[in-house]
Amino acid sequence: MKRIGLLTSGGDAPGMNAAIRAVVRSGLYFGMEVFGIERGYSGLMEDNVVPMEMRSVSNIVQCGGTKLRTARCLEMLTKEGQKQAVATLEKHGIEGLVVIGGDGSFRGAKVLSEEYGVPTIGIPGTIDNDLEYTDYTLGFDTAVNTCLDIINKLRDTMTSHERVSVVEVMGRHCGDIALYSGIASGAEIIVVPEIAFDMDEIVMRINRSRANGKHSNIIVVAEGVMDAEQFARQLQSVTKHSVRPTCIGHVQRGGSPSMADRMLAAQFGNKAVRLLNDGLGNRVVGIRNNKIIDMDIIEAVSMKKTFNYELYETLQMISM
Ligand code: ATP
Numbered sequence: 002m003k004r005i006g007l008l009t010s011g012g013d014a015p016g017m018n019a020a021i022r023a024v025v026r027s028g029l030y031f032g033m034e035v036f037g038i039e040r041g042y043s044g045l046m047e048d049n050v051v052p053m054e055m056r057s058v059s060n061i062v063q064c065g066g067t068k069l070r071t072a073r074c075l076e077m078l079t080k081e082g083q084k085q086a087v088a089t090l091e092k093h094g095i096e097g098l099v100v101i102g103g104d105g106s107f108r109g110a111k112v113l114s115e116e117y118g119v120p121t122i123g124i125p126g127t128i129d130n131d132l133e134y135t136d137y138t139l140g141f142d143t144a145v146n147t148c149l150d151i152i153n154k155l156r157d158t159m160t161s162h163e164r165v166s167v168v169e170v171m172g173r174h175c176g177d178i179a180l181y182s183g184i185a186s187g188a189e190i191i192v193v194p195e196i197a198f199d200m201d202e203i204v205m206r207i208n209r210s211r212a213n214g215k216h217s218n219i220i221v222v223a224e225g226v227m228d229a230e231q232f233a234r235q236l237q238s239v240t241k242h243s244v245r246p247t248c249i250g251h252v253q254r255g256g257s258p259s260m261a262d263r264m265l266a267a268q269f270g271n272k273a274v275r276l277l278n279d280g281l282g283n284r285v286v287g288i289r290n291n292k293i294i295d296m297d298i299i300e301a302v303s304m305k306k307t308f309n310y311e312l313y314e315t316l317q318m319i320s321m
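Right, here's the structure in full:
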């Protein structure tokens with residue numbers, strides 16, 4: 002394979018730039034020409050294709066966001082849009098494609114491979130950690146660290162005023178950001194879409210912790226359950242303690258990637274290009290049990306994300 006393309010799609014995630022760098026440099030290492038496609042599938046339809054050189058990716062390993070920018074593109078769900086995307090690839094002689102994005106972006110990649118025969122490799126780039134086949138997605142670790150930084154600050158002020166903090170984190174329908182940031186910040190309670198919550202039990206846990214000498218409480222609520230303001234209103238109506246909502250919001254998606262995300266980016270990007278160089282396509286890369294793996298894209302997108310109940314129980318046992 003002599004010419005490959007690369008795009009970032011869907012929600013941005015810290016580490017996407019480091020992955021772009023790894024793909025470009027690995028491609029050049031194998032003597033390939035590498036083309037960046039700007040603004041995801043939209044750029045593929047609108048022919049926003051730029052040649053990438055060694056220096057195109059200098060000084061970006063530490064940057065949040067994505068140098069290629071990203072987009073959500075409804076036309077990619079139509080036959081017409083898909084044909085236009087393939088026509089752009091053909092026009093530039095691009096023989097293989099690397100797609101960095103979440104499950105939606107992978108569905109687009111699957112269509113390109115399955116229906117149009119374009120060898121495509123998916124790199125899981127999303128803060129949500131909502132893909133079953135991989136233990137971690139790119140950007141998740143940094144996003145959780147951003148949440149921790151904010152929760153630490155909230156803990157300071159909540160303790161001074163003896164308040165209850167309701168902190169809303171992202172993750173769409175997946176509770177992993179809430180689960181990991183809850184455990185790692187010492188939050189007393191997490192509320193995730195995977196487990197129905199009981200407000201009476203939450204009040205009981207708050208009261209018990211206060212009786213045990215605590216001066217504040219942190220409740221991490223995943224956005225897939227409800228927003229922080231709504232949850233705080235419901236809680237305030239049944240507790241005498243002062244409740245304050247905070248929505249962390251889009252800061253979770255930005256910032257310099259953590260070491261863990263940069264390492265994933267380097268390995269995912271390199272593995273994706275190795276697969277294309279070996280003449281393979283229609284696959285996704287990931288990490289499982291600390292090993293970089295690849296898997297059939299159709300199998301990967303059909304897997305249903307499971308929730309780590311053991312970690313949830315751990316939080317219940319140690320956060321009193
Ligand atoms: P994140 O999880 O961070 O939001 P994502 O990749 O899941 O990222 P989506 O908005 O779901 O984000 O998908 C990104 C893009 O992938 C869509 O805008 C669309 O262009 C393409 N896409 C999604 N689903 C399909 C599909 N079924 N067929 C073809 N293309 C699709």
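In our numbering, the protein residues as written are 2 to 321.
All C-beta atoms in this analysis are idealised placements derived from N, C-alpha and C, irrespective of residue type, glycine included.
Between the options, which has its C-alpha nearest residue i's C-alpha?
| i | options | result |
| --- | --- | --- |
| residue 54 | 280, 308, 207, 28 | 28 |
| residue 158 | 294, 81, 217, 89 | 217 |
| residue 307 | 34, 52, 195 | 195 |
| residue 163 | 126, 152, 244, 125 | 244 |
| residue 246 | 261, 304, 168 | 168 |
| residue 173 | 104, 200, 113, 117 | 104 |
| residue 318 | 251, 91, 189, 107 | 189 |
| residue 241 | 260, 262, 251, 208 | 208 |
| residue 67 | 106, 77, 43, 8 | 8 |
| residue 300 | 148, 275, 166, 123 | 123 |
| residue 78 | 303, 239, 265, 42 | 42 |
| residue 90 | 127, 114, 179 | 114 |
| residue 50 | 26, 81, 87 | 87 |
| residue 302 | 146, 45, 10, 133 | 133 |
| residue 112 | 94, 282, 305 | 282 |
| residue 265 | 39, 2, 20, 6 | 20 |
| residue 274 | 160, 215, 192, 98 | 98 |
| residue 191 | 166, 214, 143 | 166 |
| residue 184 | 44, 12, 320 | 320 |
| residue 200 | 234, 212, 176, 178 | 234 |
Is residue i close to ligand 1? I mean its beta-carbon at under 7 Å from any heavy atom of the ligand.
| i | result |
| --- | --- |
| residue 70 | no |
What distance in whole Å lies between the Cβ atoms of residue j and residue i, which are believed to be in contact at a cut-off of 8 Å?
| i | j | result |
| --- | --- | --- |
| residue 258 | residue 15 | 4 Å |
| residue 253 | residue 170 | 7 Å |
| residue 33 | residue 4 | 7 Å |
| residue 1 | residue 141 | As displayed, the chain neither begins before 2 nor continues past 321, which places residue 1 out of reach and without an answer. |
What are the start and end residues of the alpha helix (DSSP H) that includes residue i?
| i | result |
| --- | --- |
| residue 292 | No alpha helix (DSSP H) contains residue 292, which is instead part of the beta strand (DSSP E) from 292-297. |
| residue 148 | 141-162 |
| residue 12 | That residue, residue 12, is in no alpha helix (DSSP H); it is neither H nor E in DSSP. |
| residue 46 | 41-46 |
| residue 28 | 17-30 |
With respect to the beta strand (DSSP E) encompassing residue i, which residues constitute its N-terminal and C-terminal limits?
| i | result |
| --- | --- |
| residue 124 | 121-125 |
| residue 169 | 165-170 |
| residue 220 | 218-223 |
| residue 244 | 244-248 |
| residue 321 | Counting along the chain, residue 321 falls outside any beta strand (DSSP E), and DSSP gives it neither H nor E. |
| residue 51 | 50-53 |
| residue 98 | 97-102 |
| residue 87 | Residue 87 -> not in any beta strand (DSSP E); alpha helix (DSSP H) instead, spanning 80-92. |
| residue 34 | 34-38 |
Q.
Which residues neighbour ligand 1 when neighbourhood means a C-beta less than 6 Å away from any of its non-hydrogen atoms? List them by chain order.
A. This selection yields 10, 11, 12, 42, 73, 74, 77, 78, 102, 103, 104, 105, 106, 108, 109, 112, 127, 129.
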